[in-house]
Amino acid sequence: MKTQIEGAVIILKDNIDTDQIYPGRYLELVNPEEIKTHCLEGVSPEIAKHFIPGDIIVAGRNFGCGSSREHAPIALKHLGVSLIIADSFARIFYRNALNLGLPLIICKGLSEKLKAGDSLSVDLTQSVIKIAATGETFDCEHIGEHALSILEAGGIKPLMKKRFQKKEGNERS
Amino acid sequence: MHAIEKILAKASGRTFVKAGEIISAKVDFAEINDLYLQTIKSFDEMGGEMVWDRNRLTFVFDHYAPAPTIKSAAIHQEMRDFAKVNHLTHHFDINEGVCHQVMPEHGVICPGTIVVATDSHTTTHGAFGAFGTGIGATDMATVMMTGELWFRVPEIIEIRIEGTPPKNVLPKDVVLSILGKLKADGAVYKAIEFSGSYIKQLDVPGRMVICNMAVEMGAKTAYMQPNDAVLKYVGERAQFPFEVHYSDEDFAFSETHHFDITHLSPQIAMPHSVDNVVAIEAVPQIKVNQGFIGTCTGGRVEDIAIAAKILKGHKLDRYVRLVVIPASKEVLQTCMKLGYIQDLIDAGATISTPGCGPCLGAHEGILAPGEVCITASNRNFPGRMGSVAAEIYLASPATVAASVKNGYISDPRQV
Numbered sequence: 001m002k003t004q005i006e007g008a009v010i011i012l013k014d015n016i017d018t019d020q021i022y023p024g025r026y027l028e029l030v031n032p033e034e035i036k037t038h039c040l041e042g043v044s045p046e047i048a049k050h051f052i053p054g055d056i057i058v059a060g061r062n063f064g065c066g067s068s069r070e071h072a073p074i075a076l077k078h079l080g081v082s083l084i085i086a087d088s089f090a091r092i093f094y095r096n097a098l099n100l101g102l103p104l105i106i107c108k109g110l111s112e113k114l115k116a117g118d119s120l121s122v123d124l125t126q127s128v129i130k131i132a133a134t135g136e137t138f139d140c141e142h143i144g145e146h147a148l149s150i151l152e153a154g155g156i157k158p159l160m161k162k163r164f165q166k167k168e169g170n171e172r173s
Numbered sequence: 001m002h003a004i005e006k007i008l009a010k011a012s013g014r015t016f017v018k019a020g021e022i023i024s025a026k027v028d029f030a031e032i033n034d035l036y037l038q039t040i041k042s043f044d045e046m047g048g049e050m051v052w053d054r055n056r057l058t059f060v061f062d063h064y065a066p067a068p069t070i071k072s073a074a075i076h077q078e079m080r081d082f083a084k085v086n087h088l089t090h091h092f093d094i095n096e097g098v099c100h101q102v103m104p105e106h107g108v109i110c111p112g113t114i115v116v117a118t119d120s121h122t123t124t125h126g127a128f129g130a131f132g133t134g135i136g137a138t139d140m141a142t143v144m145m146t147g148e149l150w151f152r153v154p155e156i157i158e159i160r161i162e163g164t165p166p167k168n169v170l171p172k173d174v175v176l177s178i179l180g181k182l183k184a185d186g187a188v189y190k191a192i193e194f195s196g197s198y199i200k201q202l203d204v205p206g207r208m209v210i211c212n213m214a215v216e217m218g219a220k221t222a223y224m225q226p227n228d229a230v231l232k233y234v235g236e237r238a239q240f241p242f243e244v245h246y247s248d249e250d251f252a253f254s255e256t257h258h259f260d261i262t263h264l265s266p267q268i269a270m271p272h273s274v275d276n277v278v279a280i281e282a283v284p285q286i287k288v289n290q291g292f293i294g295t296c297t298g299g300r301v302e303d304i305a306i307a308a309k310i311l312k313g314h315k316l317d318r319y320v321r322l323v324v325i326p327a328s329k330e331v332l333q334t335c336m337k338l339g340y341i342q343d344l345i346d347a348g349a350t351i352s353t354p355g356c357g358p359c360l361g362a363h364e365g366i367l368a369p370g371e372v373c374i375t376a377s378n379r380n381f382p383g384r385m386g387s388v389a390a391e392i393y394l395a396s397p398a399t400v401a402a403s404v405k406n407g408y409i410s411d412p413r414q415v
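For the protein sequence lines, the chains are A and X, in the order given.
So the first sequence is numbered by UniProt numbering: it starts at 1 and just counts up by one.
So the second sequence is numbered by UniProt numbering: it starts at 1 and just counts up by one.
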């Protein structure tokens with residue numbers, strides 16, 4: 001995982017639920033390349049079309065509330081979202097994103113201080129966000145060691161793969 | 001320690017845990033619904049071969065029951081194959097109902113246990129004194145492989161509810177009134193214990209409604225100390241040995257909120273947020289196109305009974321629809337025996353197969369642009385039940401029945 005992230009912001013409001021991130025009528029899709037085309041369709045059908053890989057989502061409170069559908073972070077990740085910053089995250093969404101290796105951090109009030117088109121540079125280990133144009137910086141909440149270790153591994157899947165390969169290896173030896 | 005902490009301590013092989021700690025806990029029961037083929041995909045990707053315990057994992061086909069499309073049929077097919085290969089003891093196909101109703105009915109939810117499911121409304125099982133929490137597909141895949149999952153021990157909020165509500169004011173109204181105060185993020189990453197004189201005497205279905213909606217405040221889990229009704233229900237059905245935990249007298253909650261429901265009015269969550277809650281007196285005359293009674297929130301015998309009582313002998317306007325979907329086969333059979341289904345069909349209702357129905361916009365009652373639906377289900381997000389230009393009002397099943405009876409949102413105390 002990159003710990004230094006730079007990108008342009010997409011600003012979203014409070015309580016963006018997973019039905020807005022990924023509408024229920026597409027839940028039968030299983031291919032991430034198909035899934036990503038419906039990303040944020042409940043907010044605006046245009047977002048996915050105009051998205052540039054590397055963009056950073058900056059949202060208000062309770063981002064990802066509602067259904068536990070993993071399609072929501074799968075869609076965001078495969079669309080190329082590099083980081084999600086929010087005032088707060090709903091718990092299941094937070095875990096799902098972390099498991100997929102999609103970084104997310106909490107920075108209260110940031111969405112109100114930005115305008116569309118702003119670019120940020122973010123240092124995840126130092127927990128600092130900088131507005132590229134003005135140089136203004138903001139402290140964010142530290143991700144936490146446990147979450148950071150999952151992100152650094154690229155998500156939970158590589159960690160589990162390693163754990164099970166090791167087990168098999170031990171059994172053989 | 002709180003009972004929730006004792007459950008987590010026991011499951012992680014510790015004598016003590018406290019809020020903020022990260023622990024790895026053994027899961028007692030895990031459930032996958034039919035939206036989550038990704039569980040099997042992640043399981044395969046991570047090198048999974050057979051599931052950790054064939055007695056403690058099940059599929060419940062509820063969101064697409066019966067399959068409305070070729071793609072969802074293919075999901076069911078792949079899940080059935082996985083269940084067969086792994087010789088899963090339990091399997092609930094399209095003929096059973098909503099997972100959160102079906103699992104307790106079949107005795108796999110017991111007090112003091114850890115239950116995970118790929119569904120946010122897993123908080124429902126706090127009604128039985130279990131630690132129930134929703135997880136995503138990849139988390140579930142790690143459970144399928146190891147039988148364990150990491151958890152952050154949550155802070156615990158106490159919500160004390162006192163009093164007895166007026167006639168036709170239901171547990172759904174109680175929880176909507178709480179949601180209106182605490183808001184949709186009032187309990188993010190925290191647990192909620194519901195307590196007080198109202199909860200002590202509340203029956204099993206009522207407890208399930210309140211714990212079910214705890215997730216709409218962001219709660220990780222909900223808890224109610226099991227009462228006699230719960231112990232009787234579980235005692236008749238339990239598939240596993242279990243232990244009821246009790247909180248220590250000196251446990252300190254992170255917050256306590258008090259609610260007196262003695263004079264509570266029926267509550268409505270207005271579009272498009274679950275916490276946009278007002279008392280029915282403040283709702284103007286709003287015409288409804290569709291009413292919906294069903295789901296893990298509002299599809300139990302008691303919910304259908306009150307609707308049948310309100311609508312018996314009445315004919316709905318030909319342009320007003322009422323979709324009724326019993327939460328399970330057991331609920332449907334009971335309602336048939338008691339004559340409720342007959343009464344509702346006579347009144348003009350549409351009855352559908354037990355399952356989630358239109359709650360998440362998959363099938364069986366999708367809304368067109370500009371339509372208004374009043375529903376006993378749990379979410380009114382934009383587009384949740386179909387068009388983003390439809391309006392969803394959350395209410396109790398009594399309010400839904402009264403509203404379709406009159407053709408506009410109506411007070412069930414006056415019908």
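Every residue gets a Cβ at the ideal spot worked out from N, C-alpha and C, and that includes glycine.
All values derive from a computational prediction rather than experimental measurement.
Taken through DSSP and simplified to helix, strand or coil, Lys2 (chain A) comes out as coil. Counting the other CB atoms within 10 Å of its CB gives Tyr94 (chain A) a total of 16 or more, which places it among the buried residues. Cβ proximity to chain A below 9 angstroms picks out Val215, Glu216, Gly218, Ala219, Lys220 from the stretch 191-222 of chain X. Residues of chain A whose Cβ lies closer than 8 angstroms to the Cβ of Phe259 (chain X) do not exist; the shortest such Cβ separation is about 22 angstroms.
Within chain A, not a single residue places a beta-carbon under 8 angstroms from that of Tyr393 (chain X); the smallest gap is close to 16 angstroms.
In terms of Cα proximity to Thr375 (chain X), the closest of X:Val404, X:Pro354, X:Ala362, X:Lys167 is X:Val404. Taking a C-beta cut-off of 7 angstroms against chain A, the contacting residues of the stretch 42-63 of chain X are Ser42, Glu45, Met46, Gly47, listed in chain order. Look at His257 (chain X) here: in three-state DSSP terms it is strand.
If you draw a straight line from the Cα of Ile351 (chain X) to the Cα of Leu344 (chain X), it comes to about 8 angstroms. Taken through DSSP and simplified to helix, strand or coil, Arg14 (chain X) comes out as coil.
Closest by C-alpha distance to Lys10 (chain X), out of X:Glu371, X:Ala19, X:Val27, is X:Val27. About 6 angstroms separates the CB atoms of Gly136 (chain X) and Ser68 (chain A); that is less than 8 angstroms, so the two are in contact.
Under a 10 Å Cβ-count criterion, Ile52 (chain A) is classified as exposed, with fewer than 16 other Cβ atoms of the shown protein chains found around its own Cβ.
When 8 angstroms is used as the limit between beta carbons, Met145 (chain X) is near these residues of chain A: Met160, Phe164, in chain order. Our two residues, Val169 (chain X) and Val102 (chain X), have alpha carbons roughly 26 angstroms apart in a direct line.
In this structure, DSSP gives Glu249 (chain X) a state outside helix and strand, which the three-state scheme calls coil. In the displayed model, Ser127 (chain A) falls within coil according to three-state DSSP, outside both helix and strand. Residues of the stretch 139-156 of chain A with a C-beta less than 7 angstroms from any C-beta of chain X: His146, Ile156, listed in chain order. Any Cβ of chain A closer than 8 angstroms to the Cβ of Leu37 (chain X) would place that residue at the interface, and such an atom is present. For Ile268 (chain X), the enclosing beta strand (DSSP E) covers residues 267-269. Spanning the alpha carbons of Ile7 (chain X) and Phe131 (chain X) requires a straight line of approximately 7 angstroms.
With respect to chain X, the C-beta atom of Gly109 (chain A) has no partner C-beta closer than 8 angstroms. DSSP lists no bridge partner for Val244 (chain X).
In chain order, Leu27, Glu28 make up the part of chain A whose C-beta sits under 9 angstroms from the C-beta of Ser72 (chain X). Secondary structure at Tyr408 (chain X): strand, using DSSP grouped into helix, strand and coil. Between Ala307 (chain X) and chain A, the shortest Cβ-Cβ separation is not below 8 angstroms. In this structure, the alpha-carbon of Gly129 (chain X) lies about 12 angstroms from that of Ile199 (chain X).
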